[in-house]
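Enquirer: Before I ask anything, here is the structure I am working with.
Numbering (our numbering), first residue to last: 680 to 939.
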């Protein structure tokens with residue numbers, strides 16, 4: 680219960696702190712609107728029957744990942760330059776619980792990108808997205824939130840070991856959007872790229888969401904992708920556990936919790 684309280688109150692504080700930052704507000708509010716407009720112009724003449732889902736969901740997912748990159752990953756960089764990363768690391772509450780709370784808070788707040796993307800498409804372009812199975816869509820979004828949170832925790836752990844946090848943070852945003860099929864199906868990527876795509880959990884989270892709003896509904900495919908997503912997310916949890924153990928030994932040797 681103590682650990683859950685730490686995660687809960689850290690998440691609440693993180694949402695307030697994140698929304699107070701202009702960059703996060705830009706990613707949260709402006710990004711989904713701009714992404715939706717750009718995707719609509721890209722897909723309006725594509726002839727795809729499901730282009731509306733790519734416009735709305737693609738715009739929201741791109742903004743969601745941007746919020747995670749510049750908040751959950753960026754929090755490590757901010758804590759380091761504020762001189763508080765080492766204090767958080769040795770805090771009695773536990774470094775892993777604090778990082779988890781930060782990631783969950785940012786991810787929950789970032790879900791507003793889907794609403795803004797939908798409103799932009801609806802008000803500007805009169806785009807309708809029909810959801811035949813809303814409960815499966817809610818389940819898919821919940822699984823996506825868990826998946827994004829887990830991979831964000833792993834990224835945060837990795838960035839704890841390096842002082843080049845901002846460089847790596849900027850480098851992972853666009854490649855993940857392209858490789859994981861946020862804007863177009865991952866299946867159209869070159870053969871040599873697909874293995875990279877399939878080992879990243881956001882790929883399966885995005886695919887699960889698209890299946891849940893597809894007119895060609897297949898419940899067997901939905902549960903197959905759900906199982907794959909659960910398996911990949913579990914692997915990332917294991918990786919995160921061992922990374923935390925690695926951090927405990929390496930930060931004492933490398934002393935990377937400080938700016939210099």
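From the three backbone atoms N, C-alpha and C, an ideal C-beta is built for every residue, glycine too.
Do the region 895-910 and the region 813-832 touch if we need at least three Cβ pairs shorter than 8 Å?
Expert: As far as the Cβ criterion goes, the region 895-910 touches the region 813-832, which means the pair count is three or higher.
Enquirer: Tell me, please, whether the region 700-713 touches the region 765-772 by the rule of three or more beta-carbon pairs shorter than 8 Å.
Expert: Flag = no, the region 700-713 and the region 765-772 do not touch.
Enquirer: Assign residue 680 to one of three DSSP states: helix, strand, or coil.
Expert: Three-state result, residue 680: coil.
Enquirer: Classify residue 754 as buried or exposed, calling it buried when 16 or more other Cβ atoms lie within 10 Å of its own Cβ.
Expert: Buried: at least 16 other Cβ atoms inside 10 Å.
Enquirer: Would you decide whether residue 659 is buried or exposed? Buried here means 16 or more other CB atoms lie within 10 Å of its CB.
Expert: Limits of the chain in this structure are 680 at one end and 939 at the other, which puts residue 659 out of reach.
Enquirer: Among the residues of its own chain, which have a CB less than 8 Å from the CB of residue 858, if the five just before and after it don't count?
Expert: Once the five neighbours on either side are set aside, the close Cβ partners of residue 858 are 865, 868, 872, 875, 876, 879, 882.
Enquirer: Residue 946: which of 771, 922, 811 sits nearest, CA to CA?
Expert: The chain is shown from 680 up to 939; residue 946 falls before or after that span and cannot be answered.
Enquirer: How many angstroms separate the CA atom of residue 806 from the CA atom of residue 817?
Expert: Roughly 20 Å between the two C-alpha positions.
Enquirer: Give the list of continuous alpha helix (DSSP H) stretches no shorter than 4 residues that lie fully inside the region 829-917.
Expert: Segments of the alpha helix (DSSP H) lying fully in the region 829-917: 844-858, 873-877, 880-892.
Enquirer: Compute the Euclidean distance between the alpha carbons of residue 808 and residue 771, then round it to the nearest angstrom.
Expert: When rounded, the distance between both Cα atoms is 47 Å.
Enquirer: I'd like the list of long-range same chain contacts for residue 776, defined as Cβ closer than 8 Å, with 5 residues on each side in sequence excluded.
Expert: Excluding positions up to five away in sequence, the list reads 682, 685, 686, 689.
Enquirer: Could you give the distance in angstroms between the alpha-carbon of residue 891 and the alpha-carbon of residue 813?
Expert: Cα to Cα, residue 891 sits roughly 8 Å from residue 813.
Enquirer: In or out: residue 903 buried (at least 16 other Cβ within 10 Å) or exposed?
Expert: Exposed.
Enquirer: Under the rule that 16 or more other beta-carbon atoms within 10 Å means buried, what is residue 725, buried or exposed?
Expert: Answer is exposed; the Cβ neighbour count stays below 16.
Enquirer: Work out the CA separation of residue 711 and residue 918 for me, nearest whole Å.
Expert: The alpha-carbon atoms of residue 918 and residue 711 are separated by roughly 31 Å.
Enquirer: Can you give the Cα-Cα distance for residue 744 and residue 778, rounded to whole angstroms?
Expert: If you take the alpha carbons of residue 744 and residue 778, they lie about 17 Å apart.
Enquirer: If we call anything under 8 Å between Cβ atoms a contact, is residue 888 one with residue 820?
Expert: A contact, by the Cβ cut-off of 8 Å.
Enquirer: Who are the Cβ neighbours of residue 905 in its own chain at under 7 Å, not counting the five residues just before and after it?
Expert: Around residue 905: 822, 887.
Enquirer: Please return the same chain residues whose Cβ sits closer than 7 Å to the Cβ of residue 885, not counting the five positions on each side in sequence.
Expert: Counting only Cβ-Cβ distances below 7 Å, and skipping sequence neighbours, we find 740, 859, 860, 861.
Enquirer: If you compare alpha carbons, which of 730, 836, 834, 746 is closest to residue 701?
Expert: With distances taken between Cα atoms, residue 701 lies closest to 746.
Enquirer: By the DSSP assignment, the alpha helix (DSSP H) with residue 781 in it spans what residues?
Expert: Its alpha helix (DSSP H) spans residues 774-789.
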